[in-house]
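Enquirer:
2 protein chains.
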Amino acid sequence: MTQRRPTSFDIAALAGVSQPTVSRALSGNPSVSDETRKRVLEAAEQLHYTVDKNASGLRRQRAKTLALLFFEEGPETAVLNPFYLSLVGPMVRRCAAHGYDLLISIQQLSSDWHVDYEDSRKADGIILLGYGDYLEYRPKLEQLVDRGAHFVRWGTGGDGQLGMAVSSDNERGGFEATTHLLQRGRRQIAFIGTAGAGFPEVQERWRGYSRALHAAGIEPDSRLQVDSSPDEADGRAAAEKLLARGVEFDAIFAASDVAAIGAMHALQQAGRGLPEIAVVGFDDIPAACLASPPLTTVTQDAHAAAEALVDALIEAIETGKTADRILPVRLTVRGSS
Amino acid sequence: MTQRRPTSFDIAALAGVSQPTVSRALSGNPSVSDETRKRVLEAAEQLHYTVDKNASGLRRQRAKTLALLFFEEGPETAVLNPFYLSLVGPMVRRCAAHGYDLLISIQQLSSDWHVDYEDSRKADGIILLGYGDYLEYRPKLEQLVDRGAHFVRWGTGGDGQLGMAVSSDNERGGFEATTHLLQRGRRQIAFIGTAGAGFPEVQERWRGYSRALHAAGIEPDSRLQVDSSPDEADGRAAAEKLLARGVEFDAIFAASDVAAIGAMHALQQAGRGLPEIAVVGFDDIPAACLASPPLTTVTQDAHAAAEALVDALIEAIETGKTADRILPVRLTVRGSS
DNA sequence: GACGGCTATACATACGTATTCAAGTAGCTA
DNA sequence: TAGCTACTTGAATACGTATGTATAGCCGTC
């Protein structure tokens, strides 16, 4: 027997007040007397009343919901980036703490995602997660700005980029990882990752790597750099390429954990794993400590990242203030170095 | 310059019809003439009109949204189960294909999650993800049923359980994994996992394991079974316990990948990894193929699982039909066996 | 040619909330 | 006691859509 769910009128009747008073009491409006508020809350409790999201959103033109947008370049079957996935939990919790819901969506780059969410009032703001160069998406971001939409993206900010950005201190991470390897006595440190244009984060990591080498009086050797996307097979191929080149190297700094793990596999297969060649990754995905040896890596704090993204977006929505944020990183030393 | 977003009245004015006609034209109501529908669609396109979710949901008392509910037993910092996380992507896509949105939420077991979602009309149905025994939550599920809520859960169904269930064929998976090890010539196969009451899935996997042993004329040995939760450290501890018992064994079947990887680490540390002791896991989490050696495991098809959950729930919402679903599993042989 | 049946559209309304505005009450001063 | 303020509460309304009911036009039939 499913009875109709209670409305604010039912609460009002039970508490002996009017519907507007119920609304005010529940939303914390200070003009309601303590005594009345107490009666209303009791009535609401008793009837298991909860505010109707649709009605509330319609009335106040705000959904109290954020949309999390995963960019996707490959086919539909692609696995989502594990670091991004690890942000989901903390984001949901942070949203809940602010009284927001989180809506998840995956979008092909080619689609009309820019009209989807903000427009249909399902969400008050958008969190964009996707590797790559945001310049490519600039026209879409411009549309968002035109429509007065709020959004944050994960990635490097600065230099005329649109909207807010939250990112790790990639340069610092690259510097620390490389310095760590130098301190371990490594001298010929290879870099796996696509440091070219279009991958600003990897580029920053490379700059940190380069700075650390210079600080130790070493000139970066272009023969020790191999392009690789964050992908196990790609990392493996990159390491094989390095081995095939015949250039001596005693360590690898990979711009992503997944590539680092692939590289370790290739090294082990060639019989040149530890202690001959040390490996350091970047990201600290959950699988990093499951690898063997467990991967030394630059930890991006998923909690901090998730909270910064959510906080920045909600602040923009509610106060209009916008500011980029750069999060500290930390080297996590495990067995692979 | 952010102008007001267009409503169905704006479209109506532009197309020279009434607002109801716009609504009918856009929702595919057959009583609208083709000619009129065409004009309406053009006008909608021109103004970038999209239906207001809140108003629509309020009017039709349906949100066109599903809620994905992660159960959580530990502290707030706990990492979400990787298999569940890998369902998120496919679920989102499947929901989108049905015209639904997906809302994500994490709930402590103790909280009032049962009133949250369905009740506030944020979602038309709930997908429950969480290890453990649903009997424990029975009172909450009963409340959901009482209120006429729709929900599916991932886990074993049957025997008087409430609501719909979708699960892998756990018994079959256990059987295949064990048979595979037997075919590889292994005879003393240990089982890592809590097979007792309260963990019906693990229990089923154990039954498959047991059936395979019997089929080979082997009696399961209770000294070869160790409890373990799906956790790296726990799996490691379980393997150490096995080693300490001094009972001979030449293979391990672990009821979860994470425990299997932990066990492999313990074995390697003790110098008793491959080829001495083979390991097979269950789940096929993304990290399984990153382990070294890559883990042989029982693959639960995340795509199929996600689609089955979403399809079952939407069918229940829209047609009222409910039916449990059991998904086939498949052994993925990698290096660890 | 009147009437029934059919099609396509318009009119009116309801969904449940939040907020504006008005009104009522009590407390206080002159 | 009149008048003013501060504090609560209620009445009325709007948010944008979907749908039940009514209406207008049209065709065909006896």
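Protein chains in written order, with this note's numbering: chain D, 1 to 337; chain H, 1001 to 1337.
We put the CB at the ideal spot given by N, CA and C, even for glycine.
Computed from a prediction, not measured in an experiment: that's the story for all the values here.
What residue does the alpha helix (DSSP H) around H/ASP1311 start on, and which one ends it?
Expert: Counting from one through the second sequence, the residue named residue 1311 of chain H turns up at place 311. 1302-1319 is the extent of the alpha helix (DSSP H) around H/ASP1311.
Enquirer: Going along the region 40-53 of chain D in order, which residues come within less than 7 Å of chain H, judged by CB to CB distance?
Expert: For the region 40-53 of chain D, which is checked against every Cβ of chain H, the residues closer than 7 Å are HIS48, THR50, VAL51, ASP52 and LYS53.
Enquirer: Decide if D/THR319 is buried, meaning its Cβ has at least 16 other Cβ atoms within 10 Å, or exposed.
Expert: What you label residue 319 of chain D is simply residue 319 of the first sequence in a count that begins at 1. Burial call: exposed.
Enquirer: Hey, how far is the Cα of D/PHE175 from the Cα of D/LYS241?
Expert: Counting from one through the first sequence, the residue named residue 175 of chain D turns up at place 175. Counting from one through the first sequence, the residue named residue 241 of chain D turns up at place 241. Going by the C-alpha atoms only, they are around 24 Å apart.
Enquirer: Which partner residues does D/THR299 have in the DSSP bridge list?
Expert: For the purposes of this step, residue 299 of chain D is taken as residue 299 along the first sequence, with counting starting at 1. DSSP output for D/THR299 lists D/ASP283 and D/ARG330 as bridge partner(s).
Enquirer: Could you compute how far the alpha carbon of D/VAL202 sits from the alpha carbon of D/ALA195?
Expert: Residue mapping note: residue 202 of chain D aligns to position 202 of the first sequence, counting from 1. Residue mapping note: residue 195 of chain D aligns to position 195 of the first sequence, counting from 1. Cα to Cα, the separation comes out at about 5 Å.
Enquirer: Comparing the C-beta of D/VAL152 with each C-beta of chain H, is any distance below 7 Å?
Expert: Within the first sequence, numbered from 1, the residue matching residue 152 of chain D stands at position 152. Chain H contact via Cβ: absent.
Enquirer: Rounded to whole angstroms, what is the Cα-Cα separation between H/ALA1323 and H/LEU1087?
Expert: Counting from 1 along the second sequence, the entry for residue 1323 of chain H is found at position 323. Counting from 1 along the second sequence, the entry for residue 1087 of chain H is found at position 87. For H/ALA1323 and H/LEU1087, the distance between alpha carbons rounds to 20 Å.
Enquirer: Under a three-way DSSP split, which group does H/LEU987 fall into?
Expert: Outside the modelled stretch of chain H, which goes from 1001 to 1337, sits residue 987 of chain H, for which no answer is possible.
Enquirer: Spatial neighbours of H/TYR1084 within its chain, please: CB distance less than 7 Å, with the 5 preceding and 5 following residues excluded, ordered by chain position.
Expert: Here residue 1084 of chain H refers to the residue found at position 84 of the second sequence. Around H/TYR1084: PHE1070 and LEU1129.
Enquirer: Within a Cβ cutoff of 7 Å, which residues of the same chain sit near H/LYS1321, ignoring the five residues on either side of it in sequence?
Expert: The residue labelled residue 1321 of chain H in the question sits at position 321 within the second sequence. So the list reads GLU1315, once near-sequence residues are dropped.
Enquirer: Here's a check: name, in chain order, each residue in its chain whose Cβ is nearer than 6 Å to the Cβ of H/ALA1043, leaving out the five neighbours to either side.
Expert: In the second sequence, the residue the question calls residue 1043 of chain H occupies position 43. Closer than 6 Å at the Cβ level, and outside the excluded window around H/ALA1043, lie ILE1011, LEU1014 and ALA1015.
Enquirer: What are the residues in the region 1078-1089 of chain H lying within 9 Å of chain D by C-beta distance?
Expert: From the region 1078-1089 of chain H, only ALA1078, VAL1079, LEU1080, PRO1082, LEU1085, SER1086, VAL1088 and GLY1089 have a Cβ closer than 9 Å to chain D.
Enquirer: Note down, in chain order, every chain D residue with its Cβ under 7 Å from the Cβ of H/VAL1092.
Expert: Translated into positions along the second sequence, residue 1092 of chain H becomes position 92. Going along chain D in sequence order, the residues near H/VAL1092 (Cβ under 7 Å) are ILE104, SER105 and ILE106.
Enquirer: My parser needs the alpha helix (DSSP H) runs of 4 or more residues fully inside the region 80-114 of chain D; what are they?
Expert: Counting whole runs of 4 or more residues, the region 80-114 of chain D contains the alpha helix (DSSP H) stretches 82-97.
Enquirer: Whose C-beta lies closer than 6 Å to the C-beta of D/ILE104 among residues of the same chain, with five residues either side of it excluded?
Expert: Taking the first sequence and counting its residues from 1, the one referred to as residue 104 of chain D is at position 104. Result list for D/ILE104: LEU68, in chain order.
Enquirer: What does the alpha-carbon distance come out to for the pair H/PHE1282 and D/ALA260?
Expert: Start at 1 with the first residue of the second sequence, and residue 1282 of chain H comes out as number 282. Start at 1 with the first residue of the first sequence, and residue 260 of chain D comes out as number 260. Computed Cα separation, rounded: 25 Å.
Enquirer: Taking 7 Å as the CB-CB limit, is D/SER292 close to chain H?
Expert: Within the first sequence, the letter at position 292 stands for residue 292 of chain D. Output row for D/SER292: interface = yes.
Enquirer: Short check: CB of H/LEU1295 to CB of H/ARG1330, under 7 Å?
Expert: On the second sequence, residue 1295 of chain H is found 295 positions in, with the first residue counted as 1. On the second sequence, residue 1330 of chain H is found 330 positions in, with the first residue counted as 1. Going by C-beta atoms, H/LEU1295 is not nearer than 7 Å to H/ARG1330.
Enquirer: For chain H, check one thing: does any of its Cβ atoms lie closer than 7 Å to the Cβ of D/ILE252?
Expert: In the first sequence, residue 252 of chain D corresponds to position 252, counting from 1. Taking Cβ atoms only, chain H never reaches closer than 7 Å to D/ILE252, which makes this a no.
Enquirer: For the candidate residues H/LEU1066, H/VAL1258, H/VAL1226 and H/ARG1005, whose alpha-carbon lies nearest to that of H/ARG1153?
Expert: Here residue 1153 of chain H refers to the residue found at position 153 of the second sequence. H/ARG1153 has its Cα closest to that of H/LEU1066, out of H/LEU1066, H/VAL1258, H/VAL1226 and H/ARG1005.
Enquirer: Can you check whether the C-beta of H/SER1122 is within less than 7 Å of a C-beta belonging to chain D?
Expert: Working through the second sequence from its first residue, we reach residue 1122 of chain H at position 122. Sequence inspection shows Lys at residue 1122 of chain H; the Ser mentioned does not correspond to that position. Answer yes: the Cβ-Cβ gap between H/LYS1122 and chain D drops below 7 Å somewhere.
Enquirer: Kindly list the residues whose CB is nearer than 8 Å to the CB of D/VAL115, restricted to its own chain and excluding five residues on each side of it in sequence; keep chain order.
Expert: Counting from one through the first sequence, the residue named residue 115 of chain D turns up at place 115. Low local confidence applies: a pLDDT of 49 at D/VAL115 is under 50, so the model's placement there is unreliable, and no value is given.
Enquirer: Could you compute how far the alpha carbon of H/PHE1009 sits from the alpha carbon of D/SER8?
Expert: The residue labelled residue 1009 of chain H in the question sits at position 9 within the second sequence. The residue labelled residue 8 of chain D in the question sits at position 8 within the first sequence. About 29 Å.
Enquirer: Quick one: any contact between the region 252-269 of chain D and the region 299-316 of chain D, if contact means 3 or more CB pairs under 8 Å?
Expert: Counting Cβ pairs under 8 Å, fewer than three are found: no touch.
Enquirer: Going by DSSP, which residues form a beta bridge with H/PHE1253?
Expert: Working through the second sequence from its first residue, we reach residue 1253 of chain H at position 253. Paired residues: H/PHE1191 and H/VAL1280.
Enquirer: Using a Cβ cut-off of 7 Å, pull out every chain D residue sitting near H/ALA1261, in sequence order please.
Expert: Numbered from 1 along the second sequence, position 261 holds the residue referred to as residue 1261 of chain H. One detail in the question is off: residue 1261 of chain H reads as Ile in this sequence, not Ala. Correct list: LEU290.
Enquirer: On the DSSP bridge list, what partners appear for D/ARG325?
Expert: As a working mapping, residue 325 of chain D is identified with position 325 in the first sequence. For D/ARG325, which the question treats as bridged, DSSP gives the partners D/VAL166.
Enquirer: Can you give me, in chain order, the residues of the region 9-29 of chain D that have a beta carbon less than 8 Å from any beta carbon in chain H?
Expert: For the region 9-29 of chain D, which is checked against every Cβ of chain H, not one residue is closer than 8 Å.
Enquirer: Give me, in chain order, the residues of the same chain whose beta-carbon lies closer than 8 Å to that of H/ARG1024; leave out the 5 immediate sequence neighbours on both sides.
Expert: Mapped onto the second sequence, residue 1024 of chain H falls at position 24. If we look at H/ARG1024 and ignore the five residues flanking it on each side, its Cβ neighbours are SER1031 and VAL1032.
Enquirer: For H/GLY1364, which three-state DSSP category applies?
Expert: Here chain H covers residues 1001 to 1337 and nothing more, so residue 1364 of chain H does not appear.
Enquirer: For D/VAL51, report the span of its alpha helix (DSSP H) as first-last.
Expert: The residue you call residue 51 of chain D lines up with position 51 of the first sequence. Neither: D/VAL51 is in no alpha helix (DSSP H) and is coded neither H nor E.
Enquirer: Going by DSSP, what residue range makes up the alpha helix (DSSP H) through D/ARG211?
Expert: Taking the first residue of the first sequence as position 1, residue 211 of chain D is located at position 211. Looking at the DSSP string, the run of the alpha helix (DSSP H) that includes D/ARG211 is 200-215.
Enquirer: Starting from H/ARG1414 and walking both ways along the beta strand (DSSP E), at which residues does that stretch end?
Expert: Missing from the structure shown is residue 1414 of chain H; chain H here goes from 1001 to 1337 and no further.
Enquirer: For the alpha helix (DSSP H) holding D/LYS241, just list the boundary residues, first then last.
Expert: The count along the first sequence starts at 1 and reaches residue 241 of chain D at position 241. Where D/LYS241 is concerned, the enclosing alpha helix (DSSP H) stretches over 232-245.
Enquirer: Taking C-alpha atoms, which residue in H/LEU1327, H/GLN1269, H/LEU1267 and H/GLU1232 lies nearest to H/PRO1082?
Expert: Translated into the one-based positions of the second sequence, residue 1082 of chain H becomes position 82. Ranking H/LEU1327, H/GLN1269, H/LEU1267 and H/GLU1232 by Cα distance to H/PRO1082 puts H/GLU1232 first.
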